[in-house]
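Residue numbers (this note's numbering): 16 to 306.
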């Protein structure tokens with residue numbers, strides 16, 4: 016190869032694409048972190064060339080950075096241990112709009128938050144056509160409102176690893192679906208509401224399901240921003256329910272996935288679950304509640 020065929024470019028502060036070659040000049044006066052920065056300029060080790068006598072002892076980080084990293088690791092382990100203790104003493108309930116169970120069944124099956132829940136629900140379980148029914152290990156599917164061939168944006172499924180009774184509601188045009196799981200200590204109402212759902216029918220169902228003598232939580236994709244006025248918001252506020260989700264739950268920046276908790280349930284210790292996922296434009300929401 017002729018030297019004229021080579022293009023030499025300075026890549027300060029830039030990571031080159033795989034296939035491009037990077038030459039780093041090794042010397043004995045490398046300061047803390049410099050070797051890491053130089054080696055980090057390539058996506059593949061096969062594209063890295065070292066000029067000079069390589070000494071791996073020169074790959075070192077600053078003692079202060081190492082101490083900070085160790086401290087963060089310690090704090091992480093302490094938090095994970097506290098979360099483990101909390102999980103063992105709590106009833107965990109979660110929800111996510113899955114944007115088609117058929118498309119994201121494998122993703123849900125390995126989701127650590129959903130799979131360690133005692134009960135969870137999936138919104139938008141619709142499918143374009145029939146597909147084999149798939150369950151989740153150690154969970155019972157207590158109800159499945161999943162219209163087939165009726166287009167996108169419909170359907171609700173609930174799963175529980177604890178014993179419970181259930182009831183379900185679906186309005187005639189499938190714009191609103193609800194599932195009630197009645198566990199020993201907590202009633203759970205899961206919702207999936209389309210943008211123009213029929214409030215009167217849902218209100219009638221909630222009037223039947225909500226009772227004052229048992230802790231109750233309501234959660235799901237409500238498809239209206241909590242910062243706006245809405246009949247459902249007024250209805251639940253009048254019943255003393257508090258909405259616990261305070262930041263956006265969907266990629267457009269709105270709080271459309273809601274978590275309501277009744278006055279009786281607020282007497283117990285609880286922690287909010289709110290986590291983004293890679294397989295949906297909605298976040299997982301939920302609650303860990305200790306009785």
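Glycine included, every Cβ here is placed at the ideal spot set by N, Cα and C.
Item: Hey, which unbroken runs of the alpha helix (DSSP H) at 4 residues or more fall wholly within the stretch 65 to 126?; Value: 78 to 104, 116 to 124
Item: How would you call residue 126, buried or exposed, if buried means at least 16 neighbouring beta carbons within 10 angstroms?; Value: buried
Item: Just to confirm, are residue 90 and residue 134 a CB contact at a threshold of 9 Å?; Value: no
Item: If residue 273 and residue 235 are in contact, beta carbons under 8 Å, what's the gap, nearest whole angstrom?; Value: 7 Å
Item: With a cut-off of 8 Å, do at least 3 Cβ pairs link the stretch 34 to 45 to the stretch 62 to 72?; Value: yes
Item: Measure from the alpha carbon of residue 214 to the alpha carbon of each residue in 284, 180, 227, 251, then state which is nearest.; Value: 251
Item: Flag this pair as yes or no: are the beta carbons of residue 219 and residue 194 separated by less than 9 Å?; Value: no
Item: Between which two residues does the beta strand (DSSP E) holding residue 231 run?; Value: 231 to 236
Item: Here's a check: name, in chain order, each residue in its chain whose Cβ is nearer than 6 Å to the Cβ of residue 233, leaving out the five neighbours to either side.; Value: 204, 275
Item: Is residue 293 buried or exposed, if buried means 16 or more other CB atoms sit within 10 Å of its CB?; Value: exposed
Item: Which residues mark the beginning and the end of the beta strand (DSSP E) in which residue 136 is found?; Value: 134 to 138
Item: With 16 as the cutoff for other CB atoms within 10 Å, does residue 267 come out buried or exposed?; Value: exposed
Item: By Cβ distance below 8 Å, which residues in the same chain neighbour residue 310 in space, the five residues on each side in sequence not counted?; Value: No statement about residue 310 is possible, as the shown extent of the chain runs from 16 to 306 and does not include it.
Item: Among 265, 282, 70, which residue has its Cα nearest to the Cα of residue 230?; Value: 282
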